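Top line first, the protein sequences correspond to chains A and B. Heads up: the first sequence at position 96 corresponds to 96 in the numbering used here, and the numbers run straight through without jumps. Heads up: the second sequence at position 41 corresponds to 1041 in the numbering used here, and the numbers run straight through without jumps. Please read the structure below before turning to the comments.
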Amino acid sequence: DAKTTQPTSMDCAEGRAANLPCNHSTISGNEYVYWYRQIHSQGPQYIIHGLKNNETNEMASLIITEDRKSSTLILPHATLRDTAVYYCISAGFQKLVFGTGTRLLVSP
Amino acid sequence: SAVISQKPSRDICQRGTSLTIQCQVDSQVTMMFWYRQQPGQSLTLIATANQGSEATYESGFVIDKFPISRPNLTFSTLTVSNMSPEDSSIYLCSVEDPKGGMEQFFGPGTRLTVL
């Protein structure tokens, strides 16, 4: 079973920041937090991952709480093409267990 | 990154038959993975296929139903055997990052419908 909980759906206005929360209260010390997204009819796409520290790349930022029990994925300027299901996964190396994810709808 | 292709992209099959899905990656990788995504559901890991060893299956999946081959470092096949309508799903392969990073790269999936 997935070890993370996420809101089922979220809405965001185009151009605004999208903040997607995730709870992973049972995460182990050696497990990472991964974020993937799946745009309709495509395979999942890696976004970002982190262990303890906050991370940023060209797609998004990942904020992990100090106790590592939750995190937030931030898309700084959401576009219509960011409409997708976003999966938060806590896992060791390569063993990904997908939960139900958050369906993000970005609207004009 | 890695570029992954799958064949076929979709198929419609009759109950009781078998279908072999191919996964080709443009780089050599040790670890390849097969997932199933049932209609409206999330992804479920079927098995991990490492070159040179038997595939490792997750709970609820067995080799007789989903035999996997991994003949070299760029190719794998998944067979869905003795199909029933409950096997109608999207089947996806993924690979580890060829450069040793943490991310997995996914193929476009094979959409299977069993009548």
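Beta carbons: idealized from backbone N, C-alpha and C, even for Gly. Given the structure is predicted, the values throughout are model-derived calculations rather than measurements.
- Residue environment analysis places B:V1062 among the exposed positions, since fewer than 16 neighbouring C-beta atoms fall within 10 angstroms of its C-beta.
- When DSSP states are grouped into helix, strand and coil, B:E1086 belongs to the helix group.
- Residues A1002 and P1098 of the same chain have their beta carbon placed closer than 6 angstroms to that of B:S1027, with the five preceding and five following residues left out of the count.
- Residue pairing for B:D1011: DSSP places it in a beta bridge opposite B:L1112.
- Boundaries of the beta strand (DSSP E) around B:I1068: I1068 to N1072.
- A:D67 counts as exposed, since fewer than 16 other beta carbons sit within 10 angstroms of its beta carbon.
- For B:F1105, the nearest beta carbon of chain A is closer than 9 angstroms to its own beta carbon.
- Bounds of any beta strand (DSSP E) do not take in A:N57, whose DSSP letter is neither H nor E.
- Taking 8 angstroms as the upper bound for CB-CB distance, A:N23 and A:G92 are not in contact here, some 19 angstroms apart.
- Leaving aside the five residues that flank B:W1034 on each side, the residues in its chain whose CB is nearer than 6 angstroms to its CB run, in chain order, I1046, A1047, L1078 and C1093.
- When C-beta atoms of the stretch 71-86 of chain A are compared with those of the stretch 1016-1026 of chain B, fewer than three pairs fall below 8 angstroms, so the two segments do not count as touching.
- Ranked by Cα distance from B:E1103, the options A:I27, A:Y46, A:S28 and A:Y32 are led by A:Y46.
- Between the stretch 1009-1023 of chain B and the stretch 49-64 of chain A there are fewer than three inter-stretch CB-CB distances shorter than 8 angstroms, so the stretches are not counted as touching.
- Using a CB distance cut-off of 9 angstroms, B:I1012 does not count as an interface residue toward chain A.
- CA-to-CA, the gap between A:T5 and A:F98 works out to about 11 angstroms.
- In terms of beta-carbon proximity, A:T56 stays away from the interface with chain B, with every pair separated by 9 angstroms or more.
- Interface criterion not met: the Cβ of B:E1054 is under 9 angstroms from no Cβ in chain A.
- For A:P21, DSSP records a beta bridge to A:T72.
- For A:L96, the secondary structure class from DSSP, reduced to helix, strand or coil, is coil.
- Chain B places no beta carbon closer than 9 angstroms to that of A:P7, leaving this residue out of the contacts.
- Against chain A, the beta carbon of B:P1008 has no neighbour under 8 angstroms; the closest one sits roughly 15 angstroms away.
- Of all residues in the stretch 1079-1092 of chain B, only L1092 come within less than 8 angstroms of chain A when Cβ atoms are compared, listed by chain position.
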